Structures are given as structure tokens and as C-alpha cells.
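Q: To start, I am sharing the structure in question, which I have written as C-alpha cells.
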Amino acid sequence: MRISVLIFLFLHIVSFNAEAQSFINGDLNGAIATSSNPTSWINVPNTDVNCQASAAFASTPEVINTTGPDVANGVNGNPFSGGTLLSGLHLKVGIFTTYQEGIMQTVTGFTIGTDYDINLHQTVIKASNALDNTGSWSVYFDNTLIGVTASTTSTMPFNSNSHPWELRTLTFTATATSHVIKFLPTDDDANITNSAGGIRMGLDNLSITSIVPLHIDLLEFNTQNQNDAVRTFWSTATEINNDYFTIMRSKDGLSFEQIGTVNGAGNSNSVLNYVFYDAYPYNGISYYQLKQTDFNSISSLSDIVSVYRDDLSIINIYPNPAGNLIQVVLGYELNTVITVNIYNSVGQKILFSNYQINKGISTINIDVSSLAGGVYSIKIITPFEEYVQQEFIKK
Numbered sequence: 025m026r027i028s029v030l031i032f033l034f035l036h037i038v039s040f041n042a043e044a045q046s047f048i049n050g051d052l053n054g055a056i057a058t059s060s061n062p063t064s065w066i067n068v069p070n071t072d073v074n075c076q077a078s079a080a081f082a083s084t085p086e087v088i089n090t091t092g093p094d095v096a097n098g099v100n101g102n103p104f105s106g107g108t109l110l111s112g113l114h115l116k117v118g119i120f121t122t123y124q125e126g127i128m129q130t131v132t133g134f135t136i137g138t139d140y141d142i143n144l145h146q147t148v149i150k151a152s153n154a155l156d157n158t159g160s161w162s163v164y165f166d167n168t169l170i171g172v173t174a175s176t177t178s179t180m181p182f183n184s185n186s187h188p189w190e191l192r193t194l195t196f197t198a199t200a201t202s203h204v205i206k207f208l209p210t211d212d213d214a215n216i217t218n219s220a221g222g223i224r225m226g227l228d229n230l231s232i233t234s235i236v237p238l239h240i241d242l243l244e245f246n247t248q249n250q251n252d253a254v255r256t257f258w259s260t261a262t263e264i265n266n267d268y269f270t271i272m273r274s275k276d277g278l279s280f281e282q283i284g285t286v287n288g289a290g291n292s293n294s295v296l297n298y299v300f301y302d303a304y305p306y307n308g309i310s311y312y313q314l315k316q317t318d319f320n321s322i323s324s325l326s327d328i329v330s331v332y333r334d335d336l337s338i339i340n341i342y343p344n345p346a347g348n349l350i351q352v353v354l355g356y357e358l359n360t361v362i363t364v365n366i367y368n369s370v371g372q373k374i375l376f377s378n379y380q381i382n383k384g385i386s387t388i389n390i391d392v393s394s395l396a397g398g399v400y401s402i403k404i405i406t407p408f409e410e411y412v413q414q415e416f417i418k419k
């Protein structure tokens with residue numbers, strides 16, 4: 025089923041119409057190399073007031089993909105989208121050398137006084153000289169800090185090509201029509217010394233969206249696993265001229281498809297709650313977004329939420345009826361620990377135990393010799409989901 029991995033509560037809506045301001049090459053494509061920048065980007069130099077690098081060579085990031093440029097030392101990784109990603113260090117070596125390898129670009133077309141969201145995808149890239157597993161990105165406009173993203177933690181091994189990506193959004197108010205936007209990798213703790221303390225972060229898929237005045241006051245947009253479906257739900261405090269909502273779904277957080285609509289209230293000053301069920305969710309990570317449309321056909325988009333679907337199938341329970349032992353055959357897509365609960369016919373939990381299962385097909389043996397004869401049900405709980413109970417008979 026699914027569990028939320030990225031949830032953004034917000035009090036604004038993102039403009040649905042394209043704006044003039046945008047990053048050139050926000051997908052960070054470029055030539056794979058050490059000490060290099062994506063096309064149309066430059067590195068944040070060590071002389072920049074926001075950069076902690078102690079020398080010019082310590083401020084140059086890498087453009088990487090699954091093939092390198094240095095797989096032996098872990099300078100490689102899987103892009104979120106496009107052909108490459110940016111990888112940058114935040115690391116102190118010895119007493120005198122500090123690395124902080126970021127990028128920047130001048131963006132034009134801002135409207136003074138307008139709020140803008142900067143959206144980015146981040147991951148942790150573990151390299152031989154930077155093995156810390158938790159880090160963030162600091163984002164600036166000109167020399168002003170917009171914010172430090174919520175940290176990402178990776179449990180992937182050294183030089184993996186299966187890094188998990190997470191979406192982050194920071195908001196700022198334009199004070200000029202042109203701003204230099206900077207991205208600098210940032211360790212989330214005070215220890216950046218040597219390989220154990222230093223962090224190598226990944227960055228990809230950057231975008232800017234403007235925030236338009238609300239026709240609804242959106243209190244919440246969220247998702248929840250419910251059996252084989254995903255429940256999307258949202259609430260509004262007020263609505264003005266609101267015609268309908270469109271629920272959209274995506275595999276990558278970029279290209280969305282419409283999966284349903286729900287009528288709006290028109291005009292309302294009371295809290296209203298809405299629900300829509302996605303009966304055919306994707307496997308793995310899925311992204312959801314809400315579009316609100318007025319009676320005059322002006323639309324706006326919510327922030328994006330994402331959920332994770334982990335499909336577990338109970339292939340067989342045998343023998344059934346059972347004697348002193350039952351075997352449960354499972355199919356699952358991860359190596360993990362599950363909890364198995366056994367309930368009697370009136371819903372009381374009689375037995376429970378934890379089992380290690382492996383990716384693919386696993387068989388677990390459950391001792392039911394202590395159970396009296398009768399009808400029982402099994403519920404299996406993964407780290408992400410509680411699965412529907414299945415029955416067996418104890419002789």
C-alpha cells in the first residue's frame with residue numbers, strides 16, 4: 025500500500041499559468057566531470073560571502089550520473105530526471121581546507137513584492153571522503169538566505185546508484201526584477217570534518233513558481249493509504265467563486281495526469297472537507313497535486329504531496345485447516361521485518377511475532393499449537409502498511 029514520505033502543509037496556491045521567471049537548464053544537465061558545472065550555471069566561488077569554501081578549488085562541484093566520473097570513490101549517482109545531476113561537498117579536511125561546492129544562476133522576470141516558490145529535489149550522495157548520511161541545501165537570493173531545506177537521510181551504501189530523491193520547497197519575496205539564486209550543500213550538524221563528518225549532497229530538477237492571490241483558503245491537502253486505494257483529502261476555510269477541484273497524479277512529480285474532479289462550494293465562509301479516492305494508484309512513489317478552478321476558468325495548483333506504495337501479496341496459507349504449524353507464502357518488493365498478528369473469531373489478538381522476509385518470495389512458519397480449534401485470521405504489518413486479514417481454520 026502507501027505511506028506519505030513528503031507532506032507539505034501550506035496556506036497558498038501555486039500559479040497554474042507559466043511565468044517569465046525560470047531557471048535555464050533546471051534539470052542540471054551537463055558534461056560528466058569533476059570540478060564542473062551544469063550548462064548555463066556557474067559555481068558559487070569561495071570569495072562569495074555565502075560560501076564557506078577556503079579556496080577556489082574547494083568551491084567547484086561535480087556533474088555526475090550512474091557512470092561517474094569517479095565510481096571508485098563514489099562520485100556517481102542516479103539523476104532524479106534528465107541525464108545528470110549536481111553533486112557538491114560540505115567538508116572540512118585538516119585545519120585549513122573547507123569545501124562547499126554549490127551553484128548559482130541569475131534569474132530575471134520577477135515581479136517585485138510577489139512571493140515565489142523554489143522547488144528542488146535532493147538526495148545524499150555518499151563518497152569515500154564524505155560518508156555522513158544526512159544533509160540539506162541552503163538556498164539564497166542574492167546574499168539573503170531564503171532557507172535551509174529539511175534534511176534528507178540516506179541508508180544507501182557507498183557509491184550506490186539507487187539514491188532516493190525528495191522534493192523540497194522554499195518561499196521568498198522578490199525585491200527586484202532580477203535575482204541571483206544560489207544553492208550550497210549544507211551538513212545538518214556541526215561536524216563536517218573528514219570522511220565521517222563531511223556530506224556530499226545531490227541536487228536536481230530545479231524550478232520556480234509564483235504564488236497568486238487565493239480564491240480559496242486551503243487549510244490542508246494530504247493523502248492516506250486505505251486498503252488498495254489512496255485517499256486524497258483536503259479542507260478549505262473560505263471559498264470565493266470556486267467551481268471545482270481537479271485531482272492529479274504523477275509518477276515523477278513533473279508530468280501529471282487528471283484522475284478525477286470534485287465540485288467546489290462556490291462561495292463559503294465555513295470550513296469544508298473534501299475527499300477523493302484513487303482506486304488505481306501506482307506502485308512505488310506517486311505524487312499528487314490539487315488544481316482549483318474558478319467559475320471564470322482561472323486555475324491554480326497546490327503544492328505536491330507524495331506517497332509510497334509497497335505491494336505485499338499473501339500467496340498461500342497452508343495447510344488449511346492447520347495442525348500445529350502453518351506456513352504463509354508472501355511476495356514482497358523489499359527486504360524488511362514484518363509483524364504477524366493472529367486474531368480469534370471475535371477479533372481478539374491471540375498471537376503475534378516478528379519475521380524477517382526477503383525481496384521476492386518468502387515463506388514463514390508460524391507455530392499455532394497453542395490455539396484451540398476454530399476460525400482465525402492473520403493480519404500482516406509492514407513498516408508502511410497493515411494488510412487485510414486472511415482466515416484459516418485450526419483443527
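The working numbering puts the sequence shown at residues 25 to 419.
Here a beta-carbon is modelled for each residue, glycine too, at the ideal position from N, C-alpha and C.
Remember, predicted model here, so these are calculated numbers, not experimental data.
Look at I405 and T360 and say whether their C-beta atoms are less than 7 Å apart.
A: Position 381 of the sequence shown, counted from the start, is the residue given in the question as residue 405. Position 336 of the sequence shown, counted from the start, is the residue given in the question as residue 360. For I405 and T360, no; Cβs fall outside 7 Å.
Q: Any contact between the segment 66-76 and the segment 116-129? By contact I mean 3 or more CB pairs, one from each, below 8 Å.
A: The answer is yes - the segment 116-129 touches the segment 66-76, with three or more Cβ pairs under 8 Å.
Q: Any idea what DSSP makes of V95, helix, strand or coil?
A: Position 71 of the sequence shown, counted from the start, is the residue given in the question as residue 95. It is helical.
Q: Would G106 and D51 be called neighbours here (beta carbons separated by less than 7 Å)?
A: Counting from one through the sequence shown, the residue named residue 106 turns up at place 82. Counting from one through the sequence shown, the residue named residue 51 turns up at place 27. Yes.
Q: Can you tell me whether D156 is buried or exposed, with buried defined as 16 or more other CB within 10 angstroms of its CB?
A: The sequence position of residue 156 within the sequence shown is 132, counting from 1. Under this definition D156 is a buried residue.
Q: T84 and S59 look like a contact to me (Cβ under 8 Å); what is the Cβ gap, rounded to whole Å?
A: By 1-based counting over the sequence shown, the position of residue 84 is 60. By 1-based counting over the sequence shown, the position of residue 59 is 35. The Cβ separation is near 4 Å, so the contact holds.
Q: Relative to the C-alpha of F120, which residue among F182, I216, V399 and S160 is closest?
A: By 1-based counting over the sequence shown, the position of residue 120 is 96. Minimum Cα distance to F120 is reached at I216.
Q: Beta carbon of I339, beta carbon of G355: below 7 Å?
A: To locate residue 339, count along the sequence shown from 1; it is residue 315. To locate residue 355, count along the sequence shown from 1; it is residue 331. Contact: yes.
Q: Starting from the C-beta of D228, find all residues in its chain whose C-beta is less than 6 Å away, skip the five residues before and the five after it, and write them out in chain order.
A: As a first step, residue 228 is located in the sequence shown; it is residue number 204 there, counting from the start. Correct list, in chain order: L52, P103, F104, L109 and H145.
Q: Could you name the residues that DSSP lists as bridge partners for D141?
A: Counting from 1 along the sequence shown, the entry for residue 141 is found at position 117. DSSP output for D141 lists T195 and T233 as bridge partner(s).
Q: Suppose you measure from the CA of S294 to the CA of N287; what does that come to, to the nearest Å?
A: Stepping through the sequence shown from its first residue, residue 294 is reached at position 270. Stepping through the sequence shown from its first residue, residue 287 is reached at position 263. Each residue's Cα considered, the two are about 16 Å apart.
Q: Can you tell me whether DSSP reads G54 as helix, strand or coil?
A: Counting from one through the sequence shown, the residue named residue 54 turns up at place 30. In the structure shown, G54 sits in coil (DSSP, three-state: anything other than H, G, I, E or B).
Q: Quick test of your reading: D139 and T197, contact by CB under 8 Å. State the CB separation rounded to the nearest angstrom.
A: For the purposes of this step, residue 139 is taken as residue 115 along the sequence shown, with counting starting at 1. For the purposes of this step, residue 197 is taken as residue 173 along the sequence shown, with counting starting at 1. About 5 Å separates the two Cβ atoms, so the contact holds.
Q: Are Y304 and G277 closer than 7 Å when you measure CB to CB?
A: Translated into the one-based positions of the sequence shown, residue 304 becomes position 280. Translated into the one-based positions of the sequence shown, residue 277 becomes position 253. No, these two residues do not count as a Cβ contact at 7 Å.
Q: So, helix, strand or coil for N218, using DSSP?
A: The residue given as residue 218 occupies position 194 in the sequence shown. The answer is helix: DSSP assigns N218 an H, G or I state.
Q: From which residue to which residue does the beta strand (DSSP E) around E86 run?
A: Taking the first residue of the sequence shown as 1, we reach residue 86 at position 62. Note, E86: beta strand (DSSP E), E86 to I88.
Q: Could you pull out every residue in the same chain whose Cβ sits closer than 6 Å to the Cβ of N49, ignoring the five residues on either side in sequence?
A: In the sequence shown, residue 49 corresponds to position 25, counting from 1. P62, T63 and S64.
Q: Report yes if the CB atom of G98 is closer than 7 Å to the CB atom of S152, and no otherwise.
A: Taking the first residue of the sequence shown as 1, we reach residue 98 at position 74. Taking the first residue of the sequence shown as 1, we reach residue 152 at position 128. Going by C-beta atoms, G98 is nearer than 7 Å to S152.
Q: Can A57 and N70 be called in contact, C-beta distance under 7 Å?
A: Mapped onto the sequence shown, residue 57 falls at position 33. Mapped onto the sequence shown, residue 70 falls at position 46. No, the Cβ-Cβ distance between A57 and N70 is not below 7 Å.
Q: Rounded to whole angstroms, what is the Cα-Cα separation between N389 and Q351?
A: For the purposes of this step, residue 389 is identified with residue 365 of the sequence shown, where counting begins at 1. For the purposes of this step, residue 351 is identified with residue 327 of the sequence shown, where counting begins at 1. Taking the straight line joining both Cα atoms gives about 5 Å.
Q: So within the segment 228-286, which uninterrupted beta strand (DSSP E) runs reach at least 3 residues, ignoring any that extend past its ends?
A: The qualifying runs are 240-250 and 253-274.
Q: Using C-beta distances below 8 Å, list every residue in its chain close to E43, excluding the 5 sequence neighbours before and after it, in chain order.
A: The count along the sequence shown starts at 1 and reaches residue 43 at position 19. Unreliable positioning characterises E43 in this predicted model, as indicated by a pLDDT of 41, which lies under 50. The coordinate reading is nonetheless provided below. Hits under 8 Å: G133, I232, T233 and S234.
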